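In what follows, a single structure is set out as structure tokens and then discussed.
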Amino acid sequence: MHPDTPPPSWTLSAQEPERPAQVRRILRLFRPYRGRLAVVGLLVAASALVSVASPFLLREILDTAIPDGRTGLLTLLALGMIAAAVVNSVFGVLQTLISTTVGQRVMHDLRTAVYDRLQRMPLAFFTRTRTGEVQSRIANDIGGMQATVTSTATSLVSNLTSVVATVVAMLALDWRLTVVSLLLLPLFVWVSRRVGAERKKITSQRQKQMATMSAMVTESLSVSGILLGRTMGRSESLTQQFAQESERLVDLEVRSNMAGRWRMSTIGIVMAAMPALIYWAAGIALQSGGPAVSIGTLVAFVSLQQGLLRPTVSLLSTGVQVQTSLALFARIFEYLDLPIDITEPAEPVRLEKVRGEVRFDGVDFDYESPAPGASNGTPVNGPAVNGTSVKGAPVNATSVNGTPAVDISKGAPAKGTLRGIDLTVPAGGSLAVVGPTGSGKTTLSYLVPRLYDVTGGRLLIDGVDVRDLDFDTLARAVGVVSQETYLFHASVGENLRFAKPDATDEEIVAAAEAAQIHDHIASLPDGYDTLVGERGYRFSGGEKQRLAIARTILRDPPVLILDEATSALDTRTEQAVQQAIDALSAGRTTITIAHRLSTVRDADQIVVLDGGHIAERGTHEELLAMGGRYAALVRRDSHLAPVAPAV
55 MHPDTPPPSW TLSAQEPERP AQVRRILRLF RPYRGRLAVV GLLVAASALV SVASPFLLRE
115 ILDTAIPDGR TGLLTLLALG MIAAAVVNSV FGVLQTLIST TVGQRVMHDL RTAVYDRLQR
175 MPLAFFTRTR TGEVQSRIAN DIGGMQATVT STATSLVSNL TSVVATVVAM LALDWRLTVV
235 SLLLLPLFVW VSRRVGAERK KITSQRQKQM ATMSAMVTES LSVSGILLGR TMGRSESLTQ
295 QFAQESERLV DLEVRSNMAG RWRMSTIGIV MAAMPALIYW AAGIALQSGG PAVSIGTLVA
355 FVSLQQGLLR PTVSLLSTGV QVQTSLALFA RIFEYLDLPI DITEPAEPVR LEKVRGEVRF
415 DGVDFDYESP APGASNGTPV NGPAVNGTSV KGAPVNATSV NGTPAVDISK GAPAKGTLRG
475 IDLTVPAGGS LAVVGPTGSG KTTLSYLVPR LYDVTGGRLL IDGVDVRDLD FDTLARAVGV
535 VSQETYLFHA SVGENLRFAK PDATDEEIVA AAEAAQIHDH IASLPDGYDT LVGERGYRFS
595 GGEKQRLAIA RTILRDPPVL ILDEATSALD TRTEQAVQQA IDALSAGRTT ITIAHRLSTV
655 RDADQIVVLD GGHIAERGTH EELLAMGGRY AALVRRDSHL APVAPAV
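For the sequence shown, position 322 matches number 376 in this note's numbering, and the numbering has no gaps at all.
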């Protein structure tokens with residue numbers, strides 16, 4: 055059963071998460087590395103104890119060893135101070151090594167978690183989200199947290215431990231001078247919190263601006279963006295627009311770096327002036343008849359106070375940095391909390407062999423009403439797109455046929471809606487779907503590989519609801535060749551092997567020969583090692599299509615979706631690609647979405663969609679004889695005579 059549920063929301067929340075909950079969530083990121091962090095804690099504690107020992111050794115030198123002329127004791131105490139410095143340095147290096155390793159592992163876990171989440175996100179999410187925004191979350195936001203994750207946690211513990219140990223040591227030397235030294239501490243904390251809150255707000259604005267710039271770079275500096283900008287004469291305008299966005303970032307960067315800078319500088323000045331205050335307080339106490347403080351104690355106390363300066367200022371700065379990083383974590387957690395609605399059932403059905411029967415049983419689909427458990431989404435081990443499984447593949451902000459899908463953030467349009475679709479394509483059979491733009495042809499093709507889920511009725515492969523199949527079965531079962539072919543910036547061979555990583559060279563060549571692209575590849579200087587270029591721009595449209603077909607042949611899916619695969623090609627190229635498609639379709643269940651009717655006349659069954667309903671169905675000859683919508687489409691198609699019999 056697949057009961058109806060309300061559609062999910064993929065809108066990023068502008069509400070700021072509660073700080074305690076957010077901090078707990080951040081701390082959970084470090085949980086797998088508790089053992090290493092415990093070692094860091096021990097090193098920090100030992101380092102703090104060693105650090106506060108030196109002033110006590112100094113006091114003994116000044117008050118005992120030198121006045122009494124005890125050379126042996128003086129030598130021993132001096133060696134002790136040297137040893138303390140060496141041990142403290144070694145402990146510091148070990149702290150840095152372990153904490154940096156832990157921090158980088160946490161960064162790796164976070165990057166992987168975000169990427170994995172995005173791989174599972176619905177297709178509709180990518181149709182409404184700029185690619186640059188997604189890239190910015192992974193690169194800029196996670197990158198901006200690197201210093202915090204790799205060093206701040208250790209710095210926080212280290213400085214806090216040092217402050218506590220130093221204050222305890224100061225109390226042991228003279229509690230009255232300690233009270234004087236700590237009078238301004240509450241003011242320092244208050245200033246730090248104010249500065250942190252201010253920087254956190256600016257950081258959030260800065261990251262959004264960086265995402266905007268990243269999106270603009272991604273869109274305008276791609277091959278397509280460059281071609282569009284130059285052919286439209288907009289290159290200079292785009293440069294000016296980028297300069298404006300960059301200027302906004304400059305302002306935010308300056309504000310971020312200067313936020314609270316004067317306040318923090320005042321803290322540093324006051325802390326640096328504290329020794330003078332201590333000497334003054336000790337002198338006043340002595341002149342007023344109070345208890346005398348020995349020279350050794352006074353020097354040792356000032357030494358401890360100076361030792362307190364660095365960790366205190368660092369601790370306050372760390373607090374500011376943590377506040378800043380909370381804004382970055384909030385942006386990352388927004389992505390990690392986005393709902394995933396196409397999911398694998400708890401007990402999925404796995405088909406060892408897929409025959410390829412496809413049946414639409416009263417299928418309804420509406421972009422406004424996603425179906426339960428799966429809607430508008432791409433499974434992480436999803437079906438083949440352009441002959442490649444989505445499993446582990448980069449996901450683009452375009453739909454399978456290369457055109458933007460429905461923008462759910464602006465309300466779903468009526469086109470693409472399906473109502474009461476009843477169809478059966480037997481294993482090895484062929485179905486052609488034709489109809490005017492917006493009739494639901496491509497939407498219907500999306501339902502088979504679960505790029506979207508039905509909102510009513512059932513879609514079955516070999517009698518099993520696709521929502522009950524495990525992702526791997528679906529990925530093996532369905533392949534898609536679309537009008538817009540996606541190729542990675544890699545070699546020809548690597549692009550083909552994406553469909554089957556363990557394919558042999560012989561299998562690669564056989565697939566290319568079947569797709570009628572081998573001769574062209576072999577004529578290239580580097581053959582199958584030739585770099586295809588960004589999105590395959592070194593190849594023509596027909597060549598890219600045949601590469602996609604070769605990739606699908608290598609994948610060998612029993613069910614094939616041809617989504618307007620030749621509609622953008624010239625007649626000569628279309629004929630070459632069609633021959634490759636014929637080789638690919640042999641023995642497979644084939645569903646063809648087409649504008650050019652010359653590619654569908656031999657289909658076992660042709661369906662005419664209009665307004666989301668099946669308006670007509672039959673063979674080519676039967677539909678021509680009906681003289682209805684299909685016959686009208688044929689008359690408008692320049693490649694097919696309306697009365698020509700099928701060959």
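Beta carbons: idealized from backbone N, C-alpha and C, even for Gly.
Since the structure is predicted, the reported quantities are computational estimates derived from the model, not experimental observations.
Taking 8 Å as the cut-off, the Cβ atoms of Ile607 and Ala569 count as close.
Taking C-beta atoms under 8 Å as the contact rule, Ser216 and Ile332 fail to qualify, at a distance of about 19 Å.
CA-to-CA, the gap between Leu585 and Ile571 works out to about 15 Å. In this structure, the beta-carbon distance from Asn194 to Ser268 falls below 8 Å.
Note on Asn311: under 16 other CB atoms within 10 angstroms of its CB, so exposed under the neighbour-count rule. Of the residues assessed, Ile475 falls on the buried side of the cut-off, its CB having 16 or more other CB atoms within 10 angstroms. Straight across, the Cα-Cα distance linking Gly596 with Pro176 is about 30 Å. Under DSSP, the beta-bridge partners assigned to Phe419 are Leu472. Inter-segment contact for the segment 101-117 and the segment 125-139 is present: three or more beta-carbon pairs are separated by less than 8 Å. Within the segment 167-203, no run of beta strand (DSSP E) at least 3 residues long lies entirely inside it. In the DSSP annotation of this structure, His543 is not part of any beta strand (DSSP E), being labelled neither H nor E. When secondary structure is reduced to three states using DSSP, Val408 falls in the coil class, being assigned neither helix nor strand. For Val631, the closest C-alpha among the options Ala602, Thr220, Arg504 is that of Ala602. By the criterion of at least three beta-carbon pairs nearer than 8 Å, the segment 519-529 is not in contact with the segment 538-555. For the pair Met199 and Ser379, the CB atoms are nearer than the 8 Å cut-off.
In the DSSP assignment, Phe414 is bridged to Leu477, Leu513. Contact between the segment 353-369 and the segment 215-232 is present: 3 or more CB-CB pairs across the two stretches fall below 8 Å. Counting C-beta atoms within 10 angstroms of its own C-beta, Thr155 has fewer than 16 neighbours from the protein chains shown and is therefore classed as exposed. When the beta-carbon positions are compared, Met264 and Ser190 come within less than 8 Å of each other.
A residue is called buried when at least 16 other Cβ atoms come within 10 angstroms of its Cβ; Asp617 meets this threshold and is buried. In this structure, Val532 keeps its C-beta atom at 8 Å or more from the C-beta atom of Pro555. Rounded to whole angstroms, the separation of the alpha carbons of Glu187 and Asn549 is 26 Å. Shown here for Glu567: not one same chain residue has a beta carbon closer than 6 Å to its own, the five before and five after excluded. Counting only the Cα atoms, Arg288 lies some 21 Å from Thr185.
In the three-state scheme derived from DSSP, where H, G and I count as helix and E and B as strand, Thr366 is classed as helix.
By the CB criterion at 8 Å, Phe419 and Val508 fall inside the cutoff. Three or more Cβ pairs drawn from the segment 512-524 and the segment 385-402 lie within less than 8 Å of each other, which places the two stretches in contact.
Annotation for Leu485: the continuous beta strand (DSSP E) segment containing it runs 484-488. Scanning the segment 628-684 for uninterrupted alpha helix (DSSP H) segments of 4 residues or longer gives 674-680, listed from N- to C-terminal end. The Cβ atoms of Leu369 and Leu241 do not sit closer than 8 Å to each other.
In this structure Thr646 does not touch Ala637 by the C-beta definition: roughly 15 Å separates them, more than the 8 Å allowed. Contact check for Ile192 and Tyr169: beta-carbon distance about 7 Å, within the 8 Å limit, so the pair qualifies. Ala354 is the residue among Asn142, Glu388, Ala354 whose C-alpha sits nearest the C-alpha of Asp228.
Bounds of the beta strand (DSSP E) holding Ser536 are 532-536. Ile396 sits in coil when the DSSP states are folded into three classes, being neither helix nor strand.
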